[in-house]
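A.B. asks: Numbering of the sequence shown is given in our numbering, commencing with residue 746 and proceeding in unit increments. Think of the CB as a built atom: it goes at the ideal place given N, C-alpha and C, for glycine as much as any other residue. Have a look at this one before I ask anything.
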Amino acid sequence: MCTILFLKALRSKLSSKKKDLSALEYFKSKKAPAEMGYEFTVYKGGKDGVVKSTTHRDELKDSEVGDRVGWGFEHDSCGHCNECLTGRETYCSERHIYGSSNLDQGSLASHAVWLESFLFLIPERLSSEEAAPLMCAGATVFNALNGHNVKAYHRVGILGVGGLGHLAIQFASKMGCEVVVFSTTASKKAEALQFGAREFYTAAELEATENIRPIDHLLVTTNTLPNWDIYLPLMAKGGTIYPLTVSFDKLEVPALALNMSGVRVQGSFIAPKHLHRRMLDFAAYHEIKPVLQKWPMTLQGIKEVFKRLDENTMRTGGLCEYPSASQPSTVQSSSTALHTQQQVVQQPFPPAFFLDIDIFRQAQLELPRPGLAVPLYVSDLLGGDSEVRKVATTFFNNIHPWMPFISKTWAYKHLLSPLSPVYADSALLLLSIRLINWIPSGSANPKTPLYTAVKRYFFELESAGSFSIRVVQAGLLVLLYELGHCIYPAAYMSVGTCARHAVALGFDEDLKQANTTGLPWDKVEERRRVWWAILILDRFMNLGNPPRMLATADPEPGDILPADDTSWEQGLLSSGPSTIGSQSQLRMGRFARFAQATYLLGQVFKHVSGQSGDDAFYEQEGAQLNRTLHALVHLSQSEAETRKLEFCTQTAVCYW
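Structure below.
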């Protein structure tokens, strides 16, 4: 059973207005106890809303008592037809949807009993009142944009800036689309541009404006169907129109105009469950928020809502809010079960990976993928899209050039793309990038709240069994931060953690000639670079105490060096990999020179850590190392002059 916190008011609720109001007035006049009101609505929910779960934990699978959940337009389906089995349960012939399967809507309910499989957990970054309109309007526009091949480079037209329209503008804009808004009212222009639109036209402006670039997708979000003679000429060849309006009017579109241009009219219903969940995560991460109008869930407040609906003066999200004082005692007592922080959710880690790798491979087991749940304290520190991109740009301009172990191409295509979901390990990497950009002022303590948050989240992912290259990369950035700010012994522990993590993932084996991972070369190259970064920082850690045991074994002459940095970032496969023992070339790149210098540093550690009985050999070995180091300095300077590069880090290692 769920306690309702917010209900969304829509014009489609007018059909049940008389029944709902009469029932409410009856219970008010009789001053019936609260239980009678709940009995009236215990099996009947409102059209869409946000609730708190109050059922015993034993009866739940994916949610817990106190979780904030929401439901949408559909609340049941058969589960075994072709539509249900292919993720299109919204078209199930036995679906239960608002307005048809349960005509006694109970739209003014205080409680509801709902199928858990049709409840959706609300991300922490979304408030309950913000989530309520997304359950219907958000799911409707998101399904049109995500379910029908809308791409980031498309021009998306939005007709109307009302309840559906203002959310459609935000979703399309955050997907990277070029959003064009059409409206009958010029006063909505500033609002539309604020939501993310790039162009705005009224009907009058359309007649006076020529050469409007064609629209690939047009979402009709108005209460009535438009004049197709105005909008069909704006469509791109092969474009798609989505009539999302709730209208029983005939869709009278000129057939010849469709045939001549290849324009499609695409029906689009509410989002199926998998898209509904993605919509909530997308909205939370990109801070997509509806414009709200709220009224109290009282008799007077409800009458005012229906009056607005009758007069068609409610443009955006109208919400009925239940006063907390009127909630039953059972709900208030369970409020302590609400999670103050969202925990990292991860599939169980397969112990066979460590206990018996042969069994792990024979059983074709897989390491668990990182989850999508990102704690609120992490998402708040990350900031919005523009802030994340700004921080990443600073990192790739200032830190990445001398320690390039994160693929810049991957980062801009996936990590920073508004279309890509942010997994837990990606969020950790983004937070670590933000940390390494921190510049102290005066004698500021480097153990900032951001540093503490990164360390905490790293530990949470490690405890949850998150195992990926992104976690290792985040750990390396934390290690760099700790080394740069002399945070000991944390830095010493961090290098060991990174090394053990990378060895478990097989990164050390990627330095060998054979590629046994089956991954593309650029992915293998990124893994190699991560391992070389660990080798570099591990030896840096021992500069003050060379005899101390390293966390990593020394590389061998046949091990592969990093590829040229420019070629890697451009996705160009070099003719053949260079090894430590192969003849040096003039075009090797900064990171490869860094790796060469680090290998020689390891040899110096061995030399100074203990003298053998043969003094002459010891002196010859020292002299040879000295000549090799100076030769590397000379070669680095030659490549720097030829390619206009800076080799500060590589040269510095040679003089350590």
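Unbroken beta strand (DSSP E) runs of length 3 or more, entirely within the region 988-1038: which are they?
C.D. replies: Complete beta strand (DSSP E) runs here, min 3: none at all.
A.B. asks: Please determine, among Phe-1212, Ala-1376, Ser-872, the residue with the shortest C-alpha to C-alpha distance to Leu-1037.
C.D. replies: Against the sequence shown, residue 1037 aligns to sequence position 292. Closest by alpha carbon: Ser-872.
A.B. asks: Once DSSP output is grouped into helix, strand and coil, what is the label at Ile-1281?
C.D. replies: Translated into positions along the sequence shown, residue 1281 becomes position 536. Helix at Ile-1281.
A.B. asks: With contact counted as at least three CB pairs below 8 angstroms, one residue from each stretch, are the region 1017-1031 and the region 1155-1169 in contact?
C.D. replies: Contact between the region 1017-1031 and the region 1155-1169 is present, because at least three Cβ pairs lie under 8 angstroms.
A.B. asks: Looking only at C-alpha atoms, which of Gly-1210, Phe-940, Tyr-836, Gln-1369 sits nearest to His-911?
C.D. replies: The residue labelled residue 911 in the question sits at position 166 within the sequence shown. Of the listed residues, the one whose Cα sits closest to His-911 is Phe-940.
A.B. asks: Would a check of beta-carbon distances place Ser-1354 closer than 7 angstroms to chain D?
C.D. replies: Absence of chain D from the displayed structure is noted, only one protein chain being present.
A.B. asks: Taking the alpha-carbon positions, what's the Tyr-1196 to Cys-829 distance?
C.D. replies: Here residue 1196 corresponds to residue number 451 of the sequence shown, with the count starting at 1. Here residue 829 corresponds to residue number 84 of the sequence shown, with the count starting at 1. Going by the C-alpha atoms only, they are around 46 angstroms apart.
A.B. asks: When the Cα atoms are used, what is the spatial distance from Phe-887 to Leu-909?
C.D. replies: Against the sequence shown, residue 887 aligns to sequence position 142. Against the sequence shown, residue 909 aligns to sequence position 164. Answer to the nearest angstrom: the Cα atoms are 10 angstroms apart.
A.B. asks: Is the beta carbon of Leu-1256 sitting closer than 7 angstroms to the one on Asp-1304?
C.D. replies: For the purposes of this step, residue 1256 is identified with residue 511 of the sequence shown, where counting begins at 1. For the purposes of this step, residue 1304 is identified with residue 559 of the sequence shown, where counting begins at 1. Going by C-beta atoms, Leu-1256 is nearer than 7 angstroms to Asp-1304.
A.B. asks: For a test of the three-state rule: what should DSSP assign to His-1246, helix, strand or coil?
C.D. replies: Within the sequence shown, the letter at position 501 stands for residue 1246. Note: His-1246 maps to helix in three-state DSSP.
A.B. asks: Val-901 lies in the alpha helix (DSSP H); which residues open and close that run?
C.D. replies: Position 156 of the sequence shown holds residue 901. That residue, Val-901, is in no alpha helix (DSSP H); its beta strand (DSSP E) goes 900-904.
A.B. asks: Using three-state DSSP, classify Lys-1257 as helix, strand or coil.
C.D. replies: Reading the sequence shown from its first residue, position 512 is the one you call residue 1257. Lys-1257: coil per DSSP, three-state reduction.
A.B. asks: According to DSSP, is Pro-1194 part of a helix, a strand, or is it coil?
C.D. replies: As a working note, residue 1194 is residue 449 in the sequence shown. Correct three-state label for Pro-1194: helix.
A.B. asks: Which residues does DSSP list as the beta-bridge partners of Glu-952?
C.D. replies: The residue given as residue 952 occupies position 207 in the sequence shown. Answer is none; Glu-952 lacks a bridge partner.
A.B. asks: Looking at the secondary structure, which residues open and close the beta strand (DSSP E) in which Trp-816 lies?
C.D. replies: Here residue 816 corresponds to residue number 71 of the sequence shown, with the count starting at 1. Element bounds for Trp-816: 813-816.
A.B. asks: Kindly give me the distance between the Cβ atoms of Ser-1152 and Asp-1267, rounded to whole angstroms, as I take these residues to be in contact under 8 angstroms.
C.D. replies: Looking up residue 1152 in the sequence shown gives position 407. Looking up residue 1267 in the sequence shown gives position 522. Right, the Cβ-Cβ distance comes to about 7 angstroms (below 8 angstroms), so this counts as a contact.
A.B. asks: What are the boundary residues of the beta strand (DSSP E) that Ile-1102 is part of?
C.D. replies: One-based indexing of the sequence shown puts residue 1102 at position 357. Looking at the DSSP string, Ile-1102 is not in any beta strand (DSSP E); the run it does join, the alpha helix (DSSP H), is 1102-1107.
A.B. asks: Check whether the Cβ atoms of Arg-1284 and Gly-1347 sit closer than 7 angstroms, and answer yes or no.
C.D. replies: Taking the first residue of the sequence shown as 1, we reach residue 1284 at position 539. Taking the first residue of the sequence shown as 1, we reach residue 1347 at position 602. For Arg-1284 and Gly-1347, yes; Cβs fall inside 7 angstroms.
A.B. asks: Between the Cα of Thr-947 and those of Pro-959, Ala-931, Thr-954, spot the shortest distance and give me the residue it belongs to.
C.D. replies: Here residue 947 corresponds to residue number 202 of the sequence shown, with the count starting at 1. Of the candidates Pro-959, Ala-931, Thr-954, the one whose C-alpha sits nearest the C-alpha of Thr-947 is Ala-931.
A.B. asks: Which of the three DSSP states, helix, strand or coil, is assigned to Phe-945?
C.D. replies: On the sequence shown, position 200 is the one that residue 945 refers to. DSSP places Phe-945 in strand when its eight states are reduced to three.
A.B. asks: Report, in whole angstroms, the separation of the C-beta atoms of Leu-1228 and Leu-1282, which I expect to be a contact under 8 angstroms.
C.D. replies: Taking the first residue of the sequence shown as 1, we reach residue 1228 at position 483. Taking the first residue of the sequence shown as 1, we reach residue 1282 at position 537. Right, their Cβ atoms sit about 7 angstroms apart.
A.B. asks: Do you know how far the Cα of Gly-811 is from the Cα of Arg-870?
C.D. replies: Within the sequence shown, residue 870 is the residue found at index 125, counting from 1. Within the sequence shown, residue 811 is the residue found at index 66, counting from 1. Computed Cα separation, rounded: 16 angstroms.
A.B. asks: So, helix, strand or coil for Ile-1178, using DSSP?
C.D. replies: As a working mapping, residue 1178 is identified with position 433 in the sequence shown. DSSP places Ile-1178 in helix when its eight states are reduced to three.
A.B. asks: By Cβ distance, which residues of its chain are closer than 7 angstroms to Asp-1299, with the 5 residues on each side in sequence left out?
C.D. replies: Counted from its first residue, the sequence shown places residue 1299 at position 554. Closer than 7 angstroms at the Cβ level, and outside the excluded window around Asp-1299, lie Gly-1347.
A.B. asks: Where does His-893 fall in DSSP's three states?
C.D. replies: Looking up residue 893 in the sequence shown gives position 148. Three-state result, His-893: coil.
A.B. asks: Taking Ile-960 as part of the beta strand (DSSP E), name the residues at either end of that continuous run.
C.D. replies: Counting from one through the sequence shown, the residue named residue 960 turns up at place 215. Taken as a continuous stretch (DSSP letters only), the beta strand (DSSP E) holding Ile-960 covers 960-965.
A.B. asks: Can you tell me which residues form a DSSP beta bridge with Asp-1299?
C.D. replies: What you label residue 1299 is simply residue 554 of the sequence shown in a count that begins at 1. Partner(s): none; Asp-1299 has no beta bridge.
A.B. asks: For Ser-838, is the classification buried or exposed, using 16 other Cβ atoms within 10 angstroms of its Cβ as the cut-off for buried?
C.D. replies: By 1-based counting over the sequence shown, the position of residue 838 is 93. Flag for Ser-838 reads exposed.
A.B. asks: Which residue's Cα is closest to the Cα of Asn-827: Tyr-836, Asp-821, His-820, Glu-819?
C.D. replies: Here residue 827 refers to the residue found at position 82 of the sequence shown. When each option's Cα is compared against that of Asn-827, the closest is Tyr-836.
A.B. asks: Since I believe Ala-884 is in contact with Tyr-987 (beta carbons under 8 angstroms), could you give me their beta-carbon distance rounded to a whole number of angstroms?
C.D. replies: Indexing the sequence shown from 1 puts residue 987 at position 242. Indexing the sequence shown from 1 puts residue 884 at position 139. Incorrect: roughly 14 angstroms between the Cβ atoms, too far for contact.
A.B. asks: If you follow the alpha helix (DSSP H) that Val-1349 is in, where does it begin and where does it stop?
C.D. replies: Position 604 of the sequence shown, counted from the first residue, corresponds to residue 1349. From DSSP, the alpha helix (DSSP H) with Val-1349 extends over 1335-1354.
A.B. asks: Since Val-1136 contacts Ile-1178 with CB under 8 angstroms, what's their CB separation in whole angstroms?
C.D. replies: Indexing the sequence shown from 1 puts residue 1136 at position 391. Indexing the sequence shown from 1 puts residue 1178 at position 433. That pair is a contact at about 6 angstroms.
A.B. asks: So what does Thr-985 bridge to, in DSSP terms?
C.D. replies: To locate residue 985, count along the sequence shown from 1; it is residue 240. Answer is His-962, Arg-1009.
A.B. asks: Output yes or no for whether 7 angstroms exceeds the beta carbon distance between Asn-1182 and Thr-1139.
C.D. replies: For this step, residue 1182 is matched to residue 437 along the sequence shown. For this step, residue 1139 is matched to residue 394 along the sequence shown. Yes; because the gap between Cβ atoms is below 7 angstroms, this pair is in contact.
A.B. asks: When the Cα atoms are used, what is the spatial distance from Asp-1360 to Phe-1350?
C.D. replies: Here residue 1360 is taken as the residue at index 615 of the sequence shown, counted from 1. Here residue 1350 is taken as the residue at index 605 of the sequence shown, counted from 1. If I take the Cα positions, the gap works out to 17 angstroms.
A.B. asks: Does the beta-carbon of Val-925 have 16 or more other beta-carbons within 10 angstroms, so that it is buried, or is it exposed?
C.D. replies: Looking up residue 925 in the sequence shown gives position 180. Classification of Val-925: buried, given that the 10 Å Cβ count is 16 or more.
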